[in-house]
Structure formats: structure tokens, C-alpha cells
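Below you'll find the structure, written out as C-alpha cells, and then a few comments.
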Amino acid sequence: MSQRLSQWIAFSLLFLATLVVVLPVVVILAIIVAKGASAISWDFLFSMPRDGMSAGGILPAILGTLYLVLGAVLFAVPLGVAAAVYLVEYSGSNRFSRLVKLAIVNLAGVPSVVYGLFGLGIFVIFFRFGASILSGALTLGIMILPVIITSAREALESVPRHFRTVSLSLGASRWQTIRHSVLPHALPGIMTGMILGLGRAAGETAPILFTVAAFYLPRLPQSIFDQTMALPYHLYVISTQVPGVPENVRYGTALVLLALVLLLNLAAIILRSRFRARKKW
Amino acid sequence: MSMGDFCIETRGLDLFYGDFQALIAVDLQVPAREVTALIGPSGCGKSTLLRVFNRMNDLIEGVRVEGTVRIDNEDIYAPGTDLLRLREKVGMVFQRPNPFPLSVVDNITFGLAVHRLAGRRQYGDLVEQALRDVLLWDDLKDRLHQSALSLSLEQQQRLCIARVLPLKPQVLLMDEPCSALDPIATLHIEDLMRKLKRDYTIVIVTHNMQQAARASDRAGFMYLGKLIEFDETARIFTHPRQELTENYISGRFG
């Protein structure tokens, strides 16, 4: 086989593989937009559901998902970053830190429904938060912790060693070194973890199933101890549990969920690129 | 020279990395306000010795130090030594220019900020003074808020020296400060060292024997962890007492 031909075949195969990866995304998007776009209206986005969810809007589900995602991120990011800083900067490599790292890797592999049961047991029942936004956000937060910790660890480890050395050589304490010479430079990477976590928290159904999600609750939550509807669960409900919901409402809901995740990601990406613009080495 | 004129003094200094002994019974007396050069082949322990003086070796796991090291008549390995104060007093310049990826000003005020040495209102004056001391002020006075990484390598290395000065250290440790610079920039940094030694005690590690000959007042030749010979630079280079020293400076090994 000539060099030219083998090169052409290799490139074609690589291109095909890429196409196969991209195609489903495009098709999913196309179908959801085609079938759901007709449902999107001011009324759909900003009013309460009516007639057993077959009409009206999905505002409570949109807001519920926003609250849950924000709550999860507010809980998981500070905790996860703190743990990552401890693991990278303080603990060195002893048995305890290896154990913790192993635990984190395993935590990432736990099925989401198990997190749901865990949240039910701990937050809903043991801490008596009941089925509430608080319980749901904490459960989602714990679910995304491994992502946050892992990416924060990678971000911290990728900060050049000499930033720390120089800072210490100038007489900065270890905490000052972390605070001023390491963390600021790890921020873009930490944000990446946050973005991944955001998307996951917004889309998961199982963890909120037992901890917060309301089947049908046509009013807005008043406090973090209230139940709320949420988009993924609402989508599940109107697709499988309630007969007679028009197709464009179901796909419209999916479209809103998708758009919400994309918007959250976009905001985080813009934020990250602004931090990254300052980083030059 | 009587006792007490020495800025840095080591007695029977042994340093171990785990089982490996990197410094063996080093007795060294570094006079104040002179440039002292440490020369010797790679792995002879000269950088290790330099990092004893600001205890940066402490960062490496499994390091053990025996013997005494006095700086300004203070035993810096005494229990309870405040490492942060020590490093304020003993500044360090590294092999590669390594400014923080911050502005010129923020690089210089970093030390002031962590030691809370001055109010923000004095920063302007202190930055100017530090930049003047390293002869960068005229070049950079209009670029103070640019990223330090946009400077030339020589300017970056000067900035790294300037970064140490606002802490008013007594000692400047320089670990092959010119090895990343071109010959002209190297000469400039050497001129700067001659100027700075009026106010600071400078210890420099160098691979470059011409540099040691040009820029230092005293030189110590190290080999396999031992300080073989320590004397005035002129003597070391013209009348070394040890055969090893002579072999090294005449280029027979190294």
C-alpha cells in the first residue's frame, strides 16, 4: 500500500470516528429543538403548570433546578477545594492521604441512585431536613464532590513548583503561599471542575427523587426547607407517569433543561476565561 | 579578622538526604558585605550549602542537618527558629528568572505584603527604591503595571533581585543567577552584584569560573560535599593550596 493511500485511509477513519462522536449530539439537539421549540413561550417559562401538568408553564421546575444547582455548588465547591488544598499542599503522601484519594475515586463511581438513598437516610431522615431543597442540594453537592476535588487537585498540582519555592523563600508562610501564590493560579482549573459539577447536578434525577423533588407542586418554594419541582424529575413525570401531556410540552421541557445547563456552563466558562486571561506562563 | 566580623559561619556542618551525606564537616566563614562565590563540579554540594543558609532544604523530605550554622551570630538551626523571619533576613535569587505572573509592582510588594512591613501608601516609594537599586527604574517606570513575564530575561532576573530588597535582608543568596542569561546580561548582573555588596552580604553559587574570578572577593571550592579550600578569590585562582582546586580551576575536570 502506498504511503499516500495509507495516510488517506488513516485520516478518513479518524475523521469518521470524530463524526460518529459528534453526530448523536447534533441529532439529539435537532430532535429536541424540532419537537420542543413550538412549546417555548413566555407563558411556558414563567407560569405555573395547569391541568395536571398537561398545560401551563414549568416555572417551579426551572426555579427548583436553579436553586438545587446553586445550593449544590455553594456547598461542594468550598468544601471540595479545601479538601484538595489539604491533600495537595499539606498532607504529602502518607497512608491517610492515599486512602482519601482512593475514597474519592470510588465516590465518583457510585451510581447516582445510591446518592439519593444516602441523602434520604442522612439529610431527610437523620438530620430531619425533610424532603426539601436543602436535602436535595446537599445530596447533589456530595455527588459532585469527587469531580470538584479531582479537578481542583489537578489544578493545584499544575501550578509550577517554583511559585511555591519563591514565595516561601521570601518568608511567606505556607498558608500565605497557598493563598497568594497557588490558589489564584489554580482558579481556572477549579472552575472547570465546577462547570462539570454544575452540568451533572442540573441533569441528575435519582439523587433528587427521594430528597426534594415534588411530583406536582404548582407554587414556588418559600424557603430551603420546602419541597420543589425540578426539571429532570418533571420531565420524567410528564413523559412516563402522566398520560396525555402533549409531545411539544415534553420536548419543550427537555429543551429548557438543556438550555439551562448550557447557559450555566456558558456563564462559568466566561468567568473562567476571564481568570485565565491573567494567567501567562 | 576577628570573630563577629563574619556574617555567616558554619562549624562542622553535615547534611544528609536520607542516607546520603551531601555536606561533610563544612567549616565556612563568610565575611559581611563581600561577594563570596562557591564553585565546584555539579553535585558537589554548593547549592545544598547555599540552601542551608535560608533553610530551604527543610522543604525536602528526609533532610537532616548537624553542626552549627550562625548568621549574624544567631544559630539558625536552634529549635524554635522563626523560619519566616530568617527568610526575611536571608533573601534568595534562583537559577532561572522566576517572577510571579503578576505585575512588576506586585512582584516587588509581595514580600512587603506577606510580612506586613509597610502601609500601602509607602509602596510607591519602596517599589521605586527597589527598582533603582537594581537599575531597572528608568526602563520600567512607565511599565510598572505590566506583567513581569513581558520583560526580557535579564530584566526578569533583576526584578527577582529587586523583589528581595524591600525586605532589607542582610544576606543575598544567588544560585547560579546568570546561567539563563546571555554573556552581556551576565556582565550586567555581575556589575550589579559589585554595587549591591556595599549593603548586602552576597553568596553566589556559580558554574562559571570566570564569573567567580571577576565578581567575587572570596571563593570556596567544593568537591564531593567537602569544602576543599576557601580563600580570597585572587589566591584561589593564582595560588591554590590544594591540588584538587588547581586541577578544577585549570579545567582538568569539572
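First to last, the sequence lines map onto chains F and L.
In terms of the numbering used here, the first sequence is numbered consecutively and its last residue is 292.
In terms of the numbering used here, the second sequence is numbered consecutively and its last residue is 246.
Cβ coordinates follow ideal geometry from the N, Cα and C atoms, glycine included.
C-beta neighbour in chain F for residue i, strict 8 Å
| i | result |
| --- | --- |
| L/His137 | no |
| L/Arg3 | no |
| L/Leu41 | no |
| L/Glu251 | Beyond the ends of chain L as shown, which are -7 and 246, falls residue 251 of chain L; an answer cannot be given. |
| L/His107 | yes |
| L/Leu30 | no |
| L/Leu51 | yes |
| L/Ile0 | no |
| L/Met(-7) | A caution first: L/Met(-7) carries a pLDDT of 43, below 50, which makes its placement in the model too unreliable to give a value. |
Span of the beta strand (DSSP E), counted from its first residue to its last, around residue i
| i | result |
| --- | --- |
| L/Cys(-1) | Phe(-2) to Tyr9 |
| L/Phe92 | No beta strand (DSSP E) contains L/Phe92, which DSSP labels as neither H nor E. |
| L/Asp167 | Val163 to Asp167 |
DSSP bridge partner residues for residue i (one or two, in chain order)
| i | result |
| --- | --- |
| L/Gln21 | L/Glu1 |
| L/Phe254 | Nothing can be reported for residue 254 of chain L: it is not among the residues displayed for chain L, which extend from -7 to 246. |
| L/Lys218 | L/Tyr215 |
| L/Val332 | Only positions -7 to 246 of chain L appear in the structure, and residue 332 of chain L is not among them; the question remains open. |
| L/Asp223 | L/Ala211 |
| L/Ser139 | L/Ser95 |
| F/Pro60 | F/Gly67 |
| F/Ala224 | F/Thr239 |
Neighbour list for residue i in chain F, Cβ cutoff strictly below 9 Å
| i | result |
| --- | --- |
| L/Gly103 | Leu181, Gly182 and Ala183 |
| L/Phe86 | His173, Thr176, Val177 and Ser180 |
| L/Leu159 | Leu181 and Gly182 |
Residue i CB to nearest heavy atom of the ligand HEM below 7 Å
| i | result |
| --- | --- |
| F/Pro89 | Absence of the ligand HEM from the depicted structure is noted, as is the absence of any ligand whatsoever, leaving it without description. |
Contact with chain L by residue i, beta-carbon distance below 8 Å
| i | result |
| --- | --- |
| F/Phe174 | yes |
| F/Val96 | no |
| F/Thr252 | Before going on, a small fix: residue 252 of chain F reads as Gln here, not Thr. No, no contact with chain L. |
| F/Gln187 | yes |
| F/Ala21 | no |
| F/Ile153 | no |
Residue i: contacting residues in chain L (beta-carbon distance under 9 Å)
| i | result |
| --- | --- |
| F/Ser192 | Phe92 and Phe102 |
Where residue i meets chain F, residues with beta-carbon distance less than 8 Å
| i | result |
| --- | --- |
| L/Asn46 | Ser180 |
Continuous alpha helix (DSSP H) stretch holding residue i: start and end
| i | result |
| --- | --- |
| L/Leu109 | First-last for L/Leu109: undefined, no H or E at that position. |
| F/Phe86 | Leu70 to Val96 |
| L/Ile176 | Pro175 to Leu188 |
| L/His199 | No alpha helix (DSSP H) holds L/His199; DSSP gives it neither H nor E. |
| F/Leu281 | Correcting the residue identity first, residue 281 of chain F is Ile in this sequence and not Leu. Unbroken alpha helix (DSSP H) run through F/Ile281: Glu258 to Arg287. |
| F/Asn117 | Arg106 to Ala119 |
| L/Leu234 | Looking at the sequence provided, one finds Gln at residue 234 of chain L rather than Leu. Neither: L/Gln234 is in no alpha helix (DSSP H) and is coded neither H nor E. |
| F/Met202 | Leu194 to Gly214 |
| F/Phe22 | Gln14 to Gly47 |
| L/Asp130 | Trp129 to Leu132 |
| F/Gly127 | Ser123 to Gly130 |
| F/Arg342 | The structure shown does not extend to residue 342 of chain F, since chain F spans only 12 to 292, so no value can be given for it. |
| F/Ile153 | Ile144 to Glu168 |
| L/Ile153 | Leu145 to Val156 |
Partners in chain F for residue i, counting only beta-carbon separations shorter than 7 Å
| i | result |
| --- | --- |
| L/Leu76 | Gly182 and Ser184 |
Next item on the list: Within the segment 31 to 91 of chain L, note down every full alpha helix (DSSP H) run reaching 4 residues or more, in order along the chain.
Entry: 38 to 44 and 75 to 81
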